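The opening residue of the sequence shown carries number 5 in the working numbering; numbering runs sequentially from there. First comes the structure, then the notes that go with it.
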Amino acid sequence: MVTVVAGLLLACNKGDVGAPCNHGQVDPPESKVVTFPALACNELVCVYADEAEPPPDPCATDEDCNAGGVNQVKKFQCVKDEGENQGECQLAIDYVLERSMCSKKCSSDDDCKNQGIKKVTFEGTECREGFACARIQSLGEFCCEKLCVCRDDLTVDTDLDSNCAAGTQEGCCVKNGQPVSPLPEACGVQ
Numbered sequence: 005m006v007t008v009v010a011g012l013l014l015a016c017n018k019g020d021v022g023a024p025c026n027h028g029q030v031d032p033p034e035s036k037v038v039t040f041p042a043l044a045c046n047e048l049v050c051v052y053a054d055e056a057e058p059p060p061d062p063c064a065t066d067e068d069c070n071a072g073g074v075n076q077v078k079k080f081q082c083v084k085d086e087g088e089n090q091g092e093c094q095l096a097i098d099y100v101l102e103r104s105m106c107s108k109k110c111s112s113d114d115d116c117k118n119q120g121i122k123k124v125t126f127e128g129t130e131c132r133e134g135f136a137c138a139r140i141q142s143l144g145e146f147c148c149e150k151l152c153v154c155r156d157d158l159t160v161d162t163d164l165d166s167n168c169a170a171g172t173q174e175g176c177c178v179k180n181g182q183p184v185s186p187l188p189e190a191c192g193v194q
């Protein structure tokens with residue numbers, strides 16, 4: 005009996021929701037992004053879910069872009085053209101890499117939590133507040149799909165959520181005013 009239980013425990017995959025991953029691009033994204041396939045992740049899904057808006061004012065240093073930052077987190081960098089004294093604030097690639105995490109499809113918050121011997125989340129995750137099952141994409145392959153997203157970064161888009169649940173989200177469930185046929189599974193699902 006002990007051998008069987010030990011064998012079952014060893015056969016369980018370690019969870020990787022919250023494990024670090026990247027999107028395979030040099031420039032940081034301008035908004036939330038879901039990358040598939042992300043080979044570093046068990047479910048092949050990498051998510052950057054933060055809604056960080058760079059300050060609109062011109063900058064001379066990275067500090068100009070991060071004034072008043074929480075715990076001195078450097079979300080933005082000052083990007084200047086060669087020979088220029090001023091530039092514009094943009095999302096810092098280091099911040100995006102720190103906040104990009106492996107994810108998976110889900111139907112409830114429980115799908116994003118460790119439960120008993122079933123391990124879903126990565127033990128060393130940078131996510132402090134745990135994961136929620138949420139919709140973050142309004143276009144592309146994961147449009148209206150619910151994914152495990154770090155609560156630290158999550159801004160709930162109630163319009164996206166209600167439009168997907170009603171099957172009316174443009175780009176996912178409706179294109180050019182006409183329902184998509186066949187209707188994706190994520191459309192019309194609470």
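We put the CB at the ideal spot given by N, CA and C, even for glycine. Everything numeric in this text was worked out from a predicted model, so none of it was measured.
Cα atoms of Gly120 and Ala23: separation of roughly 19 Å, rounded to the nearest angstrom. By the neighbour-count criterion, in which a residue is buried when 16 or more other Cβ atoms sit within 10 angstroms of its Cβ, Asn70 is buried. With a 10 Å radius around the Cβ and a threshold of 16 neighbouring Cβ atoms, Asn180 comes out exposed. With contacts defined as CB atoms closer than 7 Å, Cys147 and Gly175 qualify as a contacting pair. For Ser166, the three-state secondary structure derived from DSSP is helix. Taken through DSSP and simplified to helix, strand or coil, Leu48 comes out as coil. When secondary structure is reduced to three states using DSSP, Arg155 falls in the coil class, being assigned neither helix nor strand. Bridge partners of Gln90 according to DSSP: none are assigned. Scanning its chain for C-beta atoms nearer than 6 Å, with the 5 sequence neighbours on each side dropped, one finds around Asp165 the residues Arg139, in chain order. Glu86 and Leu95 have their alpha carbons spaced roughly 19 Å apart. The beta carbons of Val124 and Tyr52 sit no closer together than 7 Å.
Exclusion of the five residues before and after Arg132 leaves Asp156 as the residues of its chain whose Cβ lies within less than 6 Å of its Cβ. With respect to Asp66, Arg103 sits apart: the two C-beta atoms are not nearer than 7 Å. The DSSP-derived three-state label of Val124 is coil.
For the options Asn89, Glu145, Gly19, Lys122, the alpha carbon positioned closest to that of Asn46 is the one of Gly19. It is roughly 10 Å from the alpha-carbon of Gly134 to the alpha-carbon of Val21.
Taking the CA atoms as reference points, Gln81 sits about 10 Å from Ala64. One Cα belongs to Val37, the other to Cys50, and the distance between them is close to 8 Å. Non-local beta-carbon contacts of Pro62 in its own chain, meaning distances under 6 Å to residues more than five positions away in sequence, involve Gln90 in chain order.
Just measuring C-alpha positions, the residue of Gly128, Cys152, Asp163, Pro59 sitting nearest Ser142 is Asp163.
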